[in-house]
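Q: This structure is in structure tokens; I'll ask about it shortly.
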Amino acid sequence: MASTQSAPVALPRVAITYCTQCRWMLRAAYFGQELLSTFGTQIGEIALIPATGGLFIVDLTYVPKGEDRVEAKKVLLWDRKAEGGFPETKVLKQLVRDHIDPKKDLGHSDRHGKKKTADEPAATVKRNADGTVCEGCK
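Residues 1 to 138, numbered by UniProt numbering, are exactly what the sequence shown covers, in order.
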């Protein structure tokens with residue numbers, strides 16, 4: 001028998017509601033695993049929520065950084081029916097990142113890449129022995 005006591009929720013919390021009739025549990029688990037692999041302990045909890053009716057919805061509950069209030073905010077990251085399909089893994093990672101850690105570089109999964117700052121050295125240009133720029137490197 002299920003307990004009537006509710007356990008505290010670890011934030012940020014990603015809730016993936018998936019359709020059991022459509023057999024989307026493995027897809028939901030895969031997205032959860034990818035988010036945990038990318039964000040590690042920055043994500044407090046991944047919840048897989050079984051449902052029916054063709055649902056595949058990803059929600060994020062988090063406390064926005066830099067705000068005075070300590071109230072949790074819930075945002076819809078993805079709705080399969082509204083978006084017309086499933087998210088690409090990199091897109092889902094970007095959506096989560098944009099809310100919980102906007103400055104995080106996602107490497108090859110990032111649409112923008114890490115922005116250059118004044119502290120970073122300029123890209124090195126390969127030069128030939130005579131000092132001219134290598135044509136293949138342009």
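Virtual Cβ for every residue (Gly too), placed ideally from N, Cα, C. A quick note: this is a predicted structure, and the numbers were derived from the prediction, not measured.
Please classify Tyr18 as buried or exposed, where buried requires at least 16 other C-beta atoms within 10 Å of its C-beta.
A: As a working note, residue 18 is residue 18 in the sequence shown. By the neighbour-count rule (16 or more Cβ atoms within 10 Å), Tyr18 is buried.
Q: Helix, strand or coil for Glu45, going by three-state DSSP, please let me know.
A: Looking up residue 45 in the sequence shown gives position 45. Of the three classes helix, strand and coil, the one that applies to Glu45 here is strand, per DSSP.
Q: If you draw a straight line from the C-alpha of Ile16 to the C-alpha of Asp101, how long is it?
A: Your numbering for residue 16 matches position 16 in the sequence shown. Your numbering for residue 101 matches position 101 in the sequence shown. The straight-line gap from Cα to Cα measures roughly 20 Å.
Q: How about Ile46 and Trp78: do their beta carbons lie closer than 8 Å?
A: Taking the first residue of the sequence shown as 1, we reach residue 46 at position 46. Taking the first residue of the sequence shown as 1, we reach residue 78 at position 78. Not a contact, by the Cβ cut-off of 8 Å.
Q: Looking at Gly107 and the ligand ATP, is the gap between the Cβ and the nearest heavy atom below 7 Å?
A: This structure does not include the ligand ATP; it has no bound ligands of any sort.
Q: For Ala10, count neighbouring C-beta atoms within 10 Å of its own C-beta (all shown protein chains included) and say buried if the count is 16 or more, exposed if not.
A: The residue labelled residue 10 in the question sits at position 10 within the sequence shown. Classification for Ala10: exposed.
Q: Do Thr61 and Arg97 have their CB atoms nearer than 8 Å?
A: Translated into positions along the sequence shown, residue 61 becomes position 61. Translated into positions along the sequence shown, residue 97 becomes position 97. No, they are not a contact pair.
Q: Decide if Thr20 is buried, meaning its Cβ has at least 16 other Cβ atoms within 10 Å, or exposed.
A: Indexing the sequence shown from 1 puts residue 20 at position 20. In summary, Thr20 is exposed, with fewer than 16 beta-carbon neighbours lying within 10 Å of its beta-carbon over all protein chains present.
Q: With burial defined as no fewer than 16 other Cβ atoms inside 10 Å of the residue's Cβ, what is the status of Arg80: buried or exposed?
A: For the purposes of this step, residue 80 is taken as the residue at position 80 of the sequence shown. It counts as buried.
Q: Tell me which residues share the same chain as Gly44 and place their Cβ nearer than 8 Å to its Cβ, disregarding the 5 neighbours each side in the sequence.
A: Residue numbering aside, residue 44 sits at position 44 when the sequence shown is read from its first letter. So the list reads Val9, Ala10, Leu11, Pro12, Arg13, once near-sequence residues are dropped.
Q: Relative to the alpha-carbon of Ala82, which residue among Gly54, Lys73, Ser37, Gln33 has its alpha-carbon at the smallest distance?
A: Here residue 82 refers to the residue found at position 82 when the sequence shown is read from its first residue. Residue Gly54 holds the alpha-carbon nearest to the alpha-carbon of Ala82 among Gly54, Lys73, Ser37, Gln33.
Q: Assuming the contact rule is C-beta atoms closer than 8 Å, Thr38 and Leu106 should be a hit. Round their C-beta distance to whole Å, please.
A: Position 38 of the sequence shown holds residue 38. Position 106 of the sequence shown holds residue 106. That belief holds up - the Cβ atoms of Thr38 and Leu106 are roughly 7 Å apart, short of 8 Å.
Q: What's the gap between the Cα of Gln42 and the Cα of Val70?
A: As a position in the sequence shown, residue 42 is number 42, starting the count at 1. As a position in the sequence shown, residue 70 is number 70, starting the count at 1. If you take the alpha carbons of Gln42 and Val70, they lie about 17 Å apart.
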